[in-house]
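Participant: Numbering (my numbering), first residue to last: 122 to 752.
Glycine included, C-beta positions come from ideal geometry on N, C-alpha and C.
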Amino acid sequence: MGYSQVYDAWKQDPEKFWMDAAQGIDWVTPPSKALFDERAPLYEWFKDGQVNACYNAVDRHVENGRGEQTALIYDSPITHTKREISYVELRNRVANLAGALRAKGVEKGDRVVIYMPMIPEAIEAMLACARLGAVHSVVFGGFASNELAVRIDDAKPKAIIAASCGLEPGRVVHYKPLLDGAIDLATHKPDFCVIFQREQEVAELVEGRDFNWHGFQYGVEPAECVPVSGDHPAYILYTSGTTGAPKGVIRSTGGHLVALNWSMKNVYNVDPGAVFWAASDVGWVVGHSYICYGPLIHGNTSIVFEGKPIGTPDAGTFWRVISEHNVKSFFTAPTAFRAVKREDPNGDFVKKYDMSSLKAVYLAGERADPDTIVWAQEKLNVPVIDHWWQTETGWAIAANPLGIEELPVKLGSPSVALPGYQVEALDEGGHPLPAGELGAIAIKLPLPPGTLPNLWNAEERFVKSYLSHFPGYYETGDAGYIDEDGYVYIMARTDDVINVAGHRLSTGAMEEVLASHPDVAECAVIGPKDSLKGQVPLGFVCLNAGLERPHDEIKAEIVKLVREKIGPVAAFKLVLVVDRLPKTRSGKILRGTMVKIADGEDFKAPATIDDPAILDEIREALGEIGFPSAA
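What follows is the structure, given as structure tokens:
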């Protein structure tokens with residue numbers, strides 16, 4: 122069956138489609154049906170089934186003869202460490218850790234906060250919670266104390282599992298003082314903490330509260346898998362960029378297992394046993410779905426990579442890892458490729474490695490500009506698939522489903538909606554727009570399995586944030602259009618559609634033009650206020666390394682390019698050359714914060730910002746061309 126037949130099969134009988142998909146999971150008690158809609162618009166999936174996520178990710182593969190297969194490959198160019206952990210070893214390690222947690226009182230439904238870097242122990246901690254039916258909440262390692270405290274107060278964990286430190290190129294990030302500070306600030310106090318001591322830094326333990334990872338597990342009984350209901354929360358993940366009260370996205374166990382297992386073959390086209398690599402972090406949704414759960418549920422080998430696209434040690438790190446570990450399917454963020462392209466525009470590093478194992482590359486996390494995709498296609502000679510999803514959805518909304526059928530790539534589009542998702546572009550009144558018209562992108566309810574059923578302890582906020590603006594739909598917060606072939610185009614966050622003298626323009630479309638200039642490595646377009654036109658477009662560009670041309674010449678070419686491609690209606694005249702753009706640690710450009718700086722408004726740097734010092738650089742650059750922030 123091709124894509125359209127599979128999508129139509131879902132549309133005609135969603136219940137049968139998802140019950141069939143559920144057969145790929147091992148249930149303790151199979152569900153009687155897929156969808157439970159008694160509380161619509163709060164839908165639930167596989168609610169009356171009994172299941173365990175850790176059993177599906179680890180134990181079943183051991184029992185089915187895959188025990189000696191490598192489950193995790195740890196590759197850390199920062200510590201010059203590589204090691205492999207088989208499924209049987211992973212099961213034993215996870216069962217021991219779960220037994221130790223259980224001995225200290227952690228039970229089904231208890232929350233456990235995990236605050237760790239990209240090391241195998243982070244995955245083990247997640248799976249040990251899942252084994253007991255405890256609900257984990259991973260907080261990105263190195264998060265500031267006050268932000269960690271807010272999450273501790275929201276999740277109210279019985280325990281916190283942390284590492285003594287994280288490692289960045291050239292520096293050690295001290296986790297333990299941040300954790301101690303967070304516990305001091307938080308109203309809720311955990312019963313105990315488990316600290317994994319890394320050799321780069323041994324942390325001081327608080328007597329009676331903190332336990333050493335290894336000593337804590339000594340002499341305990343390994344824990345068996347605890348069955349939970351299909352709607353039991355597997356985890357809480359706080360969305361990035363949150364200010365004020367964090368939004369705790371919940372993932373229900375049953376739907377999460379079914380959707381991720383289905384996606385591994387149908388979207389990423391890997392069979393059990395193949396090596397899959399998502400170069401992300403366990404602190405983000407990609408790390409949850411496609412470093413930990415997805416590949417392991419499906420019986421793949423997953424790579425835990427502690428490094429950066431450049432600087433650990435060079436722009437060839439990705440290609441080395443792919444070549445050494447025989448990676449078949451590789452998933453990263455467009456920002457990572459742009460960093461590599463900026464350092465190595467000719468792709469000289471690619472030529473140093475045998476890349477024959479690689480069959481496809483997937484990009485997500487932000488819009489993949491066509492220029493980056495073309496560069497990657499030319500240098501890697503494999504399909505480069507932009508796909509679109511969110512923390513909230515947990516897996517792809519739109520993608521080119523290589524495991525079903527390789528569809529033609531349309532640059533700038535993450536291709537087509539996957540089964541489970543009916544995606545529409547709506548006008549302000551909530552009416553579907555004709556093909557090609559820019560509107561708010563929304564998904565008809567119910568959302569498929571694996572997506573968020575609610576927010577943690579915040580049902581009212583869930584309904585208000587996602588379901589109330591367009592009744593009967595989930596509001597994605599993205600703007601875009603759908604073409605006559607059903608291809609989805611995500612042009613910007615809804616907030617990034619700007620109004621220039623009455624014309625609604627997409628900053629994403631302008632960024633596409635800027636990125637197409639041969640000297641531009643990375644760019645962002647924002648729409649600060651203008652007394653005459655309402656808003657004016659303003660472009661920021663980072664240039665390729667080693668350029669010797671005058672910046673004014675390049676800026677003039679960029680302005681001319683936008684005029685040619687989008688037209689004078691864009692009124693695009695302002696370009697700033699900067700060394701770097703402010704981003705979250707997951708690579709999202711902080712356009713909203715940049716707008717506030719340009720408009721001279723108060724702003725709070727998001728908790729997830731990679732380097733707050735960059736905001737001063739942006740303020741300075743804006744001041745030089747006379748924006749209010751100069752004051």
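Could you tell me how far apart the beta carbons of W334 and E242 are, in whole angstroms, since I believe they sit closer than 8 Å?
Facilitator: Right, the Cβ-Cβ distance comes to about 7 Å (below 8 Å), so this counts as a contact.
Participant: Apart from the five residues just before and just after T200, which ones in its own chain have a Cβ nearer than 8 Å to its Cβ?
Facilitator: L288, Q321, E427
Participant: Based on the DSSP output, what are the partners of H624 in its beta bridges?
Facilitator: V621
Participant: Along the chain, where does the beta strand (DSSP E) that runs through N333 open and close?
Facilitator: Note, N333: beta strand (DSSP E), 331-333.
Participant: Three Cβ pairs or more, each shorter than 8 Å: is that satisfied between the region 511-523 and the region 387-404?
Facilitator: yes
Participant: Inspect the CB distances between the region 394-405 and the region 530-547 and report whether three or more fall short of 8 Å.
Facilitator: no
Participant: Three-state secondary structure (DSSP) at S285?
Facilitator: coil
Participant: What would DSSP say about S750, mapped onto helix, strand or coil?
Facilitator: Confidence at S750 is low in this model, with a pLDDT of 44, below 50, so the placement of that residue is unreliable and no value is reported for it.
Participant: Which ranges does the beta strand (DSSP E) cover as unbroken runs of at least 3 residues, wholly within the region 619-701, from first to last along the chain?
Facilitator: 624-627, 641-647, 659-664, 695-698
Participant: Counting pairs of Cβ atoms below 8 Å between the region 671-688 and the region 632-647, do you hit three or more?
Facilitator: Counting Cβ pairs under 8 Å, three or more are found: they touch.
Participant: Using DSSP bridges, identify the partner residues of F138.
Facilitator: According to DSSP, F138 bridges with nothing at all.
Participant: Once the 5 residues before and after R319 are set aside, which same chain residues still bring their CB inside 7 Å of it?
Facilitator: Within its own chain, the residues whose Cβ lies closer than 7 Å to the Cβ of R319, once the five positions on either side in sequence are excluded, are A284, S285, C286, listed in chain order.
Participant: Grouping DSSP H, G and I as helix and E and B as strand, with all else coil, what is L588?
Facilitator: Residue state, collapsed to three classes: helix.
Participant: By the three-class DSSP mapping on this structure, what secondary structure does W509 have?
Facilitator: strand
Participant: Would L566 pass as a contact of A161 if the rule is Cβ separation under 9 Å?
Facilitator: Contact: yes.
Participant: Is it true that the CB of V448 sits closer than 9 Å to the CB of I424?
Facilitator: yes
Participant: Compare the beta carbon distance of K709 and E487 with 9 Å and say whether it is the shorter of the two.
Facilitator: In terms of Cβ geometry, K709 and E487 form a close pair [threshold 9 Å].
Participant: Once DSSP output is grouped into helix, strand and coil, what is the label at T514?
Facilitator: Coil, per DSSP.
Participant: Going along the chain, which residues of its own chain have a beta-carbon closer than 8 Å to the beta-carbon of V215, five neighbours each way excluded?
Facilitator: C175, V179, E245, L248, A249, R252
Participant: Helix or strand or just coil, what does DSSP make of C346?
Facilitator: The answer is coil: DSSP assigns C346 none of H, G, I, E or B.
Participant: Between M631 and V646, which are expected to be in contact by the criterion C-beta below 8 Å, what is the C-beta distance as a whole number of angstroms?
Facilitator: 4 Å
Participant: Which two residues bound the contiguous beta strand (DSSP E) that contains L484?
Facilitator: 481-484
Participant: Straight-line CA distance for P540 to S450?
Facilitator: 21 Å
Participant: Give me whichever residues DSSP pairs with H257 in a beta bridge.
Facilitator: V233, Y356
Participant: Alpha helix (DSSP H) containing A457: first to last residue?
Facilitator: 455-464
Participant: Verify whether the separation of the beta carbon atoms of G351 and V172 is less than 9 Å.
Facilitator: yes
Participant: Whole angstroms is fine: what's the gap from T202's alpha carbon to K429's?
Facilitator: 15 Å
Participant: How many whole angstroms separate the CB atoms of N177 and I206, which I take to be in contact at a CB cut-off of 8 Å?
Facilitator: Actually they are not in contact, since the Cβ atoms of N177 and I206 sit about 18 Å apart, beyond 8 Å.
Participant: Return the CA-CA distance between V379 and H624, expressed in angstroms with no decimal places.
Facilitator: 44 Å
Participant: Here's the rule I'm using: 16 or more other beta-carbon atoms within 10 Å means buried, otherwise exposed. How should V406 be labelled?
Facilitator: buried
Participant: Assign M122 to buried or exposed, taking buried as 16 or more other Cβ atoms, counted over all protein chains shown, within 10 Å of its Cβ.
Facilitator: Looking at its Cβ environment, which holds fewer than 16 other Cβ atoms inside 10 Å, M122 is exposed.
Participant: CB-CB under 7 Å to G655, same chain, minus the five flanking residues each way: which ones, in chain order?
Facilitator: Within the same chain, G655 has close Cβ partners N620, V621, A622.
Participant: From the DSSP secondary-structure annotation, give me the bridge partner or partners of H295.
Facilitator: Listed as beta-bridge partners of H295 by DSSP are C286.
Participant: In angstroms with no decimal places, state the Cα-to-Cα distance between R232 and I240.
Facilitator: 21 Å
Participant: Among Y208, V294, G230, which one has its Cα closest to the Cα of M237?
Facilitator: V294
Participant: Tell me, to the nearest whole angstrom, how far the beta carbon of L523 is from that of P504; I am working on the premise that it is less than 8 Å.
Facilitator: 7 Å
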